[in-house]
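Scroll down for the structure; my scribbles are underneath it.
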Amino acid sequence: MEFEPALVIEEWEMILDFFENTFGKRPSEMEPILLMIGVQELGQGHAHFTKEQKQDLLHIATCKVLSYSDFYELEGLDEDGWPHWKNVQAIPSLPLKEQELLLKSHVIHYFKTEVFPNEDH
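According to my numbering, the stretch in the sequence shown is residues 88 to 208, in order.
Here it is as structure tokens:
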């Protein structure tokens, strides 16, 4: 999955606008966005999650979005319905800013395909 930094920054602003319009608060970091993706991927609705479960939700979200570039593959669900992923390809070692752009571009792709699939992109 290729990404253009200027386009990622522009499209990331649209994601932040969506969060602000939907939840009344603009996230200052990626964690709330990844938590929302994790909750959506878990598919059990909103609930109160423990700190450990929130870490698991962040992992689920990260694996899901990075699966678009075949870094992760879904292994299946456990008995509680939680998805489990396996790393199938090494994630490139990148400078921090480029890592952030890589993750943001995948989150943007998630929103385009899973949250707003019928909108023009």
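By construction, the Cβ of each residue, glycine as well, lies at the ideal position given by its N, Cα and C atoms.
Name the two residues that bound the continuous beta strand (DSSP E) containing residue i.
| i | result |
| --- | --- |
| N174 | 170–174 |
| E162 | 159–164 |
Below 7 Å CB to CB, which residues in the same chain sit around residue i once its five sequence neighbours on both sides are set aside?
| i | result |
| --- | --- |
| F198 | I102 |
Under 8 Å by Cβ, that's how I've got residue i and residue j pegged, so tell me the actual separation to the nearest angstrom.
| i | j | result |
| --- | --- | --- |
| I147 | L164 | That belief does not hold up - the Cβ atoms of I147 and L164 are roughly 11 Å apart, past 8 Å. |
| L190 | L181 | Not really, about 10 Å apart at Cβ, beyond 8 Å. |
| E187 | K173 | With a Cβ gap of about 24 Å, E187 and K173 do not count as contacting. |
Locate the alpha helix (DSSP H) running through residue i, then write down its first and last residues.
| i | result |
| --- | --- |
| I147 | 138–153 |
| H193 | 183–197 |
| E201 | No alpha helix (DSSP H) holds E201; DSSP gives it neither H nor E. |
| A93 | 92–110 |
| P119 | 118–129 |
Please classify residue i as buried or exposed, where buried requires at least 16 neighbouring CB atoms within 10 angstroms.
| i | result |
| --- | --- |
| G132 | exposed |
| L94 | exposed |
| H208 | Since pLDDT at H208 reaches only 49, below the 50 mark, its modelled position is unreliable, and the value read off the structure follows with that caveat. H208 should be labelled exposed. |
| V175 | exposed |
Please tell me whether residue i has its Cβ less than 9 Å away from any Cβ of chain B.
| i | result |
| --- | --- |
| L189 | Any reference to chain B falls outside this structure, which holds one protein chain only. |
Can you list, in chain order, the residues of its chain with a C-beta nearer than 6 Å to that of residue i? Leave out the 5 residues immediately preceding and following it.
| i | result |
| --- | --- |
| E107 | R113 |
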